[in-house]
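Counting from 624, one number per residue, gives the positions in the sequence shown under the numbering used here.
Don't be surprised by glycine CBs; every beta carbon is placed ideally from N, CA and C.
It should be emphasised that the depicted structure is a prediction, and the values quoted were computed from it without experimental measurement.
Here is the structure we will look at, set down as structure tokens.
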Amino acid sequence: MAAPEPRKSTVGQIVINSALPEGLRDYDRVFDKASMGKFLTNIAGKVEPDTYASIVQKLSLIGLRSARSSSKASFTLDDFAPPKVKQDIVNELRAEVKKIIAAGLPLEEQNDLIIETTSKYAERLPKAIYNEGLKTKNPFSLQILSGSRGNQGQLNSMRGSDLLYQDHRENPIPVPIFSSYSEGLDPVEYWAGTYGARSGTVATKFATADAGYFGKRLNLASHRLVATDEEIDENQMLAVDVNDADNIGSVLARDYGPVKRGTPIDAKALKYLKDKGLDEILVYSPIAANSKSGGLPQLAAGMREKGRLVDIGDNVGIIAASAISEPVSQGMLSKKHGGGVSKGKRQTLTGFEFLEQMIEVPKNFVGASAMAEADGIVSGVRAAPQGGQYVKVGPKEYYVAADQELIVKPGQSVEAGDSLSDGTPNPKDYVKHKGIGEGRRLFVSQFKKALGPGAHRRNVEVVARGLINQVRLTEPNVVKGYFPDDVVSYDLVASKYSPRKGAEEGTPKKLIGKYLERPFLHYSIGTRITPSVAAKLNKHGFKNVVGHSDPPPFVPDMQRAQQALLGDPDWMTRLGGFNLKRTFLKSIQRGASSQVHGTSWIPALATGEITAGKTGRY
């Protein structure tokens, strides 16, 4: 018998794989916090519970032994020392600040320029410090790489420099911070840092209440999304980036060679899809799948922590909202660790404030990008007397604030809902122009970016489905019991909607300018077929779609999280939210009804008829 071919690997890989059954060994895998979770989920789906418990116990022991013996699990005073790259970048900034001061500009203009210049370096420095640490095997950088502790910003405070602090009103202070904590701040730098430090300490006192209220609203908006056994329309699916690691656990909506439709994606299947050279794949998703009951089809929910599809009756909405609320709560409680570090002059929100704005969509949406309200060609750009620019699209001019960068140029074609500047599109306006499905997709992208890598995409998709699910009726008799200007659940309208007289079937390109009469991909009923929509549909093989020249008798209307239940078809469910007096009186006037045993637990609990069992109903 021939000797096995020698394998090139590391001691760590050999030790870890020795704890795994032969079929689960992989000597090329790289572990960090995120990949470890996916790794364990994959194992759970392939072995028996007792075997899984044994594997986890072995891996835990390996981790404990390694932590005791590894020098990289601890650190020395030398590891705090600022690297050379820090001094190089700081010296560059010093030289630029000296030039600004020497120019003799008016004080306000000088301060603005110092803040703008320092902000650019503040974006560079943390990454440079982190990468330098990886090259020199600094234990702090290695801990961040593993996901076990810390982030690049905290490392930069210790070994680099925060460069810019903010005052009690969260405005940047025009005093560059050149020192790290390991070097020690000079008196001026220390004083500049006290504003944000005090604000962070005070904010922590309110964190539990704010985070709890945030989670309550997410739960209310998503609580109906119980896993059901409903079939998903063959045209309802989401195109996702094949390289997104969160694809693991999603269910394929198309055949890809030997990997068939209806197959939950595991690491092996995802590798096959990547090797096939695809840029996007089609999966079932909460964003796209409609439900007549108001729940969530099982295939759209995908696989969860147990390594298999969710059980019928599992409240996926509550699970997803709770999964998102936990890191938000932790982020609020750890706000004091930020030390008042400023992100620069631009008026924008980050962290909890940004997430709060995304679910409550205030009229004054801070940091909103300028948005085109109609299709057209960018015909001109001119300076605004108050600062910033005016951009002309068709007959209308749009204002771009001075702290935003223009992302379009003359001659460029834009569609309604497209951003003309950087910043974050207001999701309410985006939904209005782009439709329910596109609005959910944007929400997921922005929300997940703000939450960070710890947030799983499908959890955010579930919450987006719960929050963005309302339309405003524009005609009578669309849904029995409702009138024009009523806000109604999109699921309810879609379940009763049929293509109107005059609807036309044809290629996406042929129907450009018309409105979808049936959902295709993640595009909801009523979405206007624009060139970009047509291109997306065509890319994924939709040869024919159904459209109408006239808009449907409703318009998409994203409601703030507080009002997410106002469009619910069940009057008792609506009483689980806010605006109780208004809801109660309106329900009496309309003679509203309630379904005790449905996808909402509120009527069942209120009447004492809540039932057990995995039925997808309470």
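Let me confirm a value: residue i is counted as buried when at least 16 other C-beta atoms fall within 10 Å, else exposed. Which label applies?
i, result
"ASN761", "buried"
"PHE1106", "exposed"
"SER683", "exposed"
"PRO672", "exposed"
"LYS968", "The pLDDT assigned to LYS968 is 49, lower than 50, so where the model puts this residue is not dependable; a value taken from the coordinates is nonetheless given after this. Answer is buried; the Cβ neighbour count reaches 16."
"GLU857", "exposed"
"ASN794", "exposed"
"ARG1064", "buried"
"MET624", "Confidence in MET624 is poor, its pLDDT being 49 and thus under 50, which makes the residue's placement unreliable; the coordinate value appears in the next sentence. With fewer than 16 Cβ atoms within 10 Å of its Cβ, MET624 is classed as exposed."
"ALA725", "exposed"
"THR664", "buried"
"THR1230", "exposed"
"GLU1140", "buried"
"ALA1087", "buried"
"SER1217", "buried"
"SER1036", "exposed"
"GLN1069", "buried"
"THR1206", "buried"
Taking the C-alpha atoms as reference points, what is the distance between residue i and residue j?
i, j, result
"VAL1067", "ARG1151", "21 Å"
"SER1060", "VAL1156", "For the sequence presented, residue 1060 should be read as Gly rather than Ser. The straight-line gap from Cα to Cα measures roughly 12 Å."
"GLY1075", "SER658", "15 Å"
"THR1256", "ASP1114", "Missing from the structure shown is residue 1256; the chain here goes from 624 to 1241 and no further."
"GLY1003", "PRO1018", "11 Å"
"HIS960", "VAL1219", "With a pLDDT of 49 at HIS960, under the threshold of 50, the modelled position of this residue cannot be trusted; read the value that follows with caution. One C-alpha to the other measures close to 47 Å."
"LEU1090", "PHE977", "16 Å"
"LYS1204", "VAL713", "59 Å"
"LYS743", "LYS1124", "57 Å"
"GLY936", "VAL1083", "20 Å"
"THR1153", "ALA995", "14 Å"
"MET1181", "PRO810", "49 Å"
"VAL933", "LEU875", "15 Å"
"LEU778", "LEU730", "33 Å"
"VAL653", "ARG772", "17 Å"
"GLY635", "ILE685", "10 Å"
"ASP1193", "SER914", "15 Å"
"LYS1166", "GLY1129", "8 Å"
"ILE941", "ASN842", "6 Å"
"TYR1138", "GLU854", "25 Å"
"THR633", "LEU643", "16 Å"
"GLY770", "SER764", "10 Å"
"ALA890", "LEU757", "27 Å"
"SER1112", "GLU645", "51 Å"
"LEU1189", "THR1047", "26 Å"
"ASN987", "PRO1050", "12 Å"
"ARG661", "TYR879", "For the sequence presented, residue 661 should be read as Lys rather than Arg. So the two alpha carbons sit approximately 22 Å from each other."
Kindly list the residues whose CB is nearer than 7 Å to the CB of residue i, restricted to its own chain and excluding five residues on each side of it in sequence; keep chain order.
i, result
"GLN970", "At GLN970, the pLDDT of 49 sits below 50, so the modelled position is not reliable and the matter cannot be decided from this model."
"LEU1160", "PRO1131, PHE1143, LEU1144, VAL1168"
"GLU1098", "PRO1107, PRO1176"
"GLN859", "ALA911, ALA912, ASN913, PRO1142"
Please go through the same chain and pick out, in chain order, the residues whose beta-carbon is closer than 8 Å to the beta-carbon of residue i, but skip the five residues on each side of it.
i, result
"VAL720", "ILE737, THR740, THR741, PRO799"
"ILE637", "TYR650"
"LYS750", "GLN775"
"ASP902", "ASP864, VAL865"
"LEU808", "ILE800, SER802, GLY816"
"LYS828", "none"
"ASN640", "ARG648, ASP649, TYR650"
"PRO1122", "GLU1140, ARG1141, VAL1169, HIS1171"
"ILE723", "GLN733, LEU736, ILE737, THR740"
"ALA704", "ARG782, SER805"
Identify the residues that DSSP records as bridge partners of residue i: which are they?
i, result
"VAL906", "LEU861, LEU875"
"LYS1015", "GLY1003, GLU1020"
"PRO887", "VAL874"
"THR1234", "Looking at the DSSP assignment, THR1234 forms no beta bridge with any residue, so it has no partner."
"MET926", "LEU932"
"ASN938", "VAL849"
In chain order, what residues of the same chain have a beta carbon less than 6 Å from the beta carbon of residue i, not counting five sequence neighbours either side?
i, result
"GLN1185", "PHE1201"
"PHE698", "PRO762"
"THR886", "LEU875"
"ALA946", "ASN1082"
"THR1196", "SER1223, ILE1225"
"SER952", "ALA834"
"LYS1072", "none"
Complete runs of the beta strand (DSSP E) confined to the region 723 to 800 [at least 3 residues]: List check, beta strand (DSSP E) in window: nothing returned.
Any alpha helix (DSSP H) of 4 or more consecutive residues that is wholly inside the region 1134 to 1178: For the region 1134 to 1178, the full-length alpha helix (DSSP H) segments reaching 4 residues or more read 1154 to 1162 along the chain.
Ordered list of beta strand (DSSP E) runs contained in the region 1057 to 1103, each at least 3 residues: Listed in chain order, they are 1093 to 1096.
Sequence ranges, alpha helix (DSSP H) only - wholly within the region 1104 to 1132, length at least 4: If only uninterrupted alpha helix (DSSP H) runs of at least 4 residues are considered, those enclosed by the region 1104 to 1132 are 1113 to 1119.
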